[in-house]
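Written out below as structure tokens is the structure these notes cover.
Number of protein chains: 2
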Amino acid sequence: MNKNTAITIFESLSSAVRLDVYRLLIKMGNEGMVAGEIASTLNVPSTNLSFHLKGLTHSGLINVEQEGRFQRYRANLPLMLGLIAYLTDECCAGKPETCGEFSPESICSQCADSGSGK
Amino acid sequence: MNKNTAITIFESLSSAVRLDVYRLLIKMGNEGMVAGEIASTLNVPSTNLSFHLKGLTHSGLINVEQEGRFQRYRANLPLMLGLIAYLTDECCAGKPETCGEFSPESICSQCADSGSGK
DNA sequence: TCAATAGTTCAACATTAATTGTAATATTGG
DNA sequence: CCAATATTACAATTAATGTTGAACTATTGA
């Protein structure tokens, strides 16, 4: 995970249509969904959906697999885990003692290691 | 957490400056940083930084506290946890058996409950 | 009160993204 | 091969965001 990847992921999820698509695909799990089903479920014109699917695919948040004349899309959950790690990687870096009340549920590995400081 | 809040958070983090600011503030923990320090650390003109700090504050990702003539900013980590929960809330909803290879590290509570399906 | 410092607001301009309809591509079944 | 279906690519319009410098507000210390 690098900065540009992270920015692309955040851009991907900063539109209502794309966020709906991503959450829908997470809900569908490994089964995924083909483009036409997504369009009719979310009531988005297919030409517009295609634009947004492209963005999500480009960021890696969703994957696509061809199935005859259909394109089946699935969420890529591991990428989200990588993003979270990227954000919290350096939490309280070098000063775990300042982390005490800061990190609420051991999202910060430094704090967890140092026993919630202060 | 609702959809609009989530979109605002993603928009907040979809610019290089704002992502840098947020990660810097996570690194600084409860100590936080005043606006001028942030500007000089990241080499961003103060007028531009102010624009981005406003966006981050509006989304709730960072908080601000006045300290004399300074404004001290801190990251709001709990909000990030809420966002993650919002995304993965409905993972594999209704069909945990489809979740098997999908959720890699029990990010999906449904899968965890059903013993990773398949 | 005055000068210095810290930040923000404003207005102009530049850049980038979203939406729509139309046309193009690709696969399937007859 | 042809017609139908699924989806994507293109181009034009509209809208939203990012950046900058200059002006403004508020606080501090002499």
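First to last, the sequence lines map onto chains A and B. At position 50 of the first sequence (counting the first as 1) the number is 50 in our numbering, and the numbers step up by one without a gap. For our numbering, count along the second sequence from 1 and bump the result up by 118. Backbone N, C-alpha and C define an ideal beta-carbon position, used for all residues, glycine too.
Check                                                                                               : Outcome
Contact residues within the region 35-55 of chain A, judged by C-beta distance below 8 Å to chain B : none
Alpha-carbon spacing of A/L49 relative to A/L77, whole angstroms                                    : 21 Å
Contact with chain B by A/G29, beta-carbon distance below 8 Å                                       : yes
A/P45 to A/I7 span [Cα, whole Å]                                                                    : 26 Å
Among A/C92, A/L24 and A/E11, nearest to B/S133 - alpha-carbon criterion                            : A/E11
Residue closest to A/V34, alpha-carbon to alpha-carbon, out of A/T98, A/A85 and A/A75               : A/A75
Rounded C-alpha distance that separates A/I62 from A/Y73                                            : 6 Å
Cross-chain neighbours of B/I180 in chain A, by beta carbon under 8 Å                               : By Cβ distance, chain A contributes nothing, its closest Cβ being about 12 Å from B/I180, past 8 Å.
Straight-line gap, A/P96 to A/I84 (C-alpha atoms, nearest Å)                                        : 19 Å
Residue interval of the alpha helix (DSSP H) (run including B/F220)                                 : Unbroken run through B/F220: none, as it is neither H nor E.
Buried/exposed call for B/H176, threshold 16 Cβ in 10 Å                                             : exposed
Reduced DSSP secondary structure (H/G/I, E/B, other) of A/R69                                       : coil
Candidates B/D207, B/H170 and B/E149: closest to B/A157 by CA position                              : B/H170
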